[in-house]
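0 is the number of the first residue of the sequence shown in numbering that gives the first Met the number 0; add one for each residue after it.
Note that beta-carbon positions come from the ideal geometry of N, C-alpha and C, so glycine has one too.
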Amino acid sequence: MRLLVTGSNGFIGQELVKRLLAEGHTLRTFDR
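Written as structure tokens, this is what we have:
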């Protein structure tokens, strides 16, 4: 699944990105 993650640089965002990538998702991240 392709996902957009906002706030991916924060504590929760970093863990979320790691987990989603491990599950095989394609991510686009957005930070300030």
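For the set L19, F10 and F29, the Cα lying nearest the Cα of M0 is the one of L19. If you check the CB distance, T5 and T28 come in under 9 Å. Bridge partners of F29 according to DSSP: T5. E14 carries a helical assignment under DSSP once its states are collapsed to helix, strand and coil. Here the C-alpha atom of K17 lies approximately 11 Å from the C-alpha atom of N8.
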